[in-house]
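Numbering (my numbering), first residue to last: 6 to 333.
Even for Gly, the Cβ is constructed at its ideal location relative to N, Cα and C.
On a predicted model such as this, the values are computed, not experimentally measured, just so you know.
Notes follow once the structure below has been shown.
Set out below in structure tokens:
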């Protein structure tokens, strides 16, 4: 099936692409301000400047989008991310990238990939991921949430599959229960936004375990009522999700230009500080899924590029191929 035969409406297809382009552009936008170097002032607008920990070129995505690319590459080929074959393909893409001397890679992700060794199977990665959790009790970083947007596109219209796959992909490197359920919740929100053009993170609570649903319901309440700046630091999956959702929910939608909410909410996310590229990437995926690729400033899209040496247009193709693979 060709990408254009995915049986989505034109606006749904634009929103599906927006989930990925929205992630990549937001990731690159936030890179300059990561760990408050320098902080974005209350009256400033974020600029596509590059730099950061890479240093990255203007428009160059970081490990957040690179790991998303690793998932997209497997999903677009038709692999089911709930199967051993699909998860192994994702994991081997992760490992291949980690061997390329990346400019930036999360500590937890690097530890799992290094320990698993070359060409790991999904089972080997899960084993290492689980053992790391047993040893440390701390495997709930934001590194699996930042890359979860592609999962939603592979299973549009099949919400139980979205939840299952998101948790399975998370577990390859992040075994923590909140990390797995947080990825499921955010992926479900992206799926809902693409299909229905609604920003509703709570739409996925019913697909979580009762304990995780109660946990996240409370955390979403906090995100909607407390100032976005509350959620700093945000290296933990929980505060990262709260920071992203707080930025979206508490940034007013401009009446004259609703789509500019994409940019305005990203400014809010980056002003929070700390892990700015990741919080922006998480928020950008959901914002793009809701407002569509058309809401992403074209001058930023034109600069979009990154691993594996491709321009942002390649992400568009992969996004559409992933949608098509899931709707055959």
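If you measure between the beta carbons of residue i and residue j, is that distance less than 7 Å?
i, j, result
"residue 170", "residue 116", "no"
"residue 197", "residue 214", "no"
"residue 58", "residue 109", "yes"
"residue 340", "residue 55", "Examination of residue 340 is not possible in this model, given that the chain is present from 6 through 333 alone."
"residue 150", "residue 187", "yes"
"residue 271", "residue 31", "yes"
"residue 239", "residue 228", "no"
"residue 180", "residue 153", "no"
"residue 242", "residue 145", "yes"
"residue 274", "residue 286", "no"
"residue 277", "residue 233", "yes"
"residue 130", "residue 177", "yes"
"residue 51", "residue 42", "no"
"residue 19", "residue 300", "no"
"residue 268", "residue 21", "no"
"residue 148", "residue 114", "yes"
"residue 265", "residue 257", "no"
"residue 204", "residue 25", "no"
"residue 193", "residue 167", "yes"
"residue 97", "residue 118", "no"
"residue 312", "residue 71", "yes"
"residue 23", "residue 293", "yes"
"residue 63", "residue 308", "yes"
"residue 332", "residue 132", "no"
What is the DSSP secondary structure of residue i, counted as helix, strand or coil?
i, result
"residue 311", "strand"
"residue 61", "strand"
"residue 222", "helix"
"residue 250", "helix"
"residue 96", "helix"
"residue 265", "helix"
"residue 167", "helix"
"residue 108", "coil"
"residue 3", "Residue numbering for the chain in the displayed model covers 6 to 333; residue 3 lies beyond these limits and cannot be assessed."
"residue 205", "coil"
"residue 27", "helix"
"residue 37", "coil"
"residue 232", "coil"
"residue 162", "coil"
"residue 187", "helix"
"residue 1", "Past the edges of the chain, shown from 6 to 333, lies residue 1, and the structure says nothing about it."
"residue 279", "coil"
"residue 135", "helix"
"residue 12", "coil"
"residue 214", "coil"
Classify residue i: buried if its beta carbon has 16 or more other beta carbons within 10 angstroms, exposed otherwise.
i, result
"residue 29", "buried"
"residue 327", "buried"
"residue 162", "exposed"
"residue 347", "As shown, the chain starts at 6 and ends at 333. That puts residue 347 outside it, with no answer to give."
"residue 53", "buried"
"residue 159", "buried"
"residue 164", "buried"
"residue 125", "buried"
"residue 91", "buried"
"residue 4", "This structure cannot settle anything about residue 4, because the visible part of the chain is limited to 6 through 333."
"residue 16", "exposed"
"residue 140", "exposed"
"residue 244", "buried"
"residue 128", "exposed"
"residue 330", "buried"
"residue 111", "buried"
"residue 155", "buried"
"residue 94", "buried"
"residue 317", "buried"
"residue 310", "buried"
Name, in chain order, the residues that DSSP records as bridge partners for residue i.
i, result
"residue 146", "241"
"residue 56", "61"
"residue 316", "310"
Is residue i close to chain B? Criterion is C-beta to C-beta, closer than 7 Å.
i, result
"residue 190", "No chain B appears in the structure shown, which is made up of a single protein chain."
If residue i and residue j are in contact, beta carbons under 8 Å, what's the gap, nearest whole angstrom?
i, j, result
"residue 81", "residue 61", "Residue 81 to residue 61, Cβ: 25 Å. No contact."
"residue 282", "residue 69", "6 Å"
"residue 77", "residue 323", "4 Å"
"residue 218", "residue 210", "4 Å"
"residue 172", "residue 189", "5 Å"
Please confirm whether any heavy atom of the ligand FMN lies closer than 6 Å to the CB of residue i.
i, result
"residue 203", "Because no ligand of any kind appears in the structure shown, any question about the ligand FMN cannot be addressed here."
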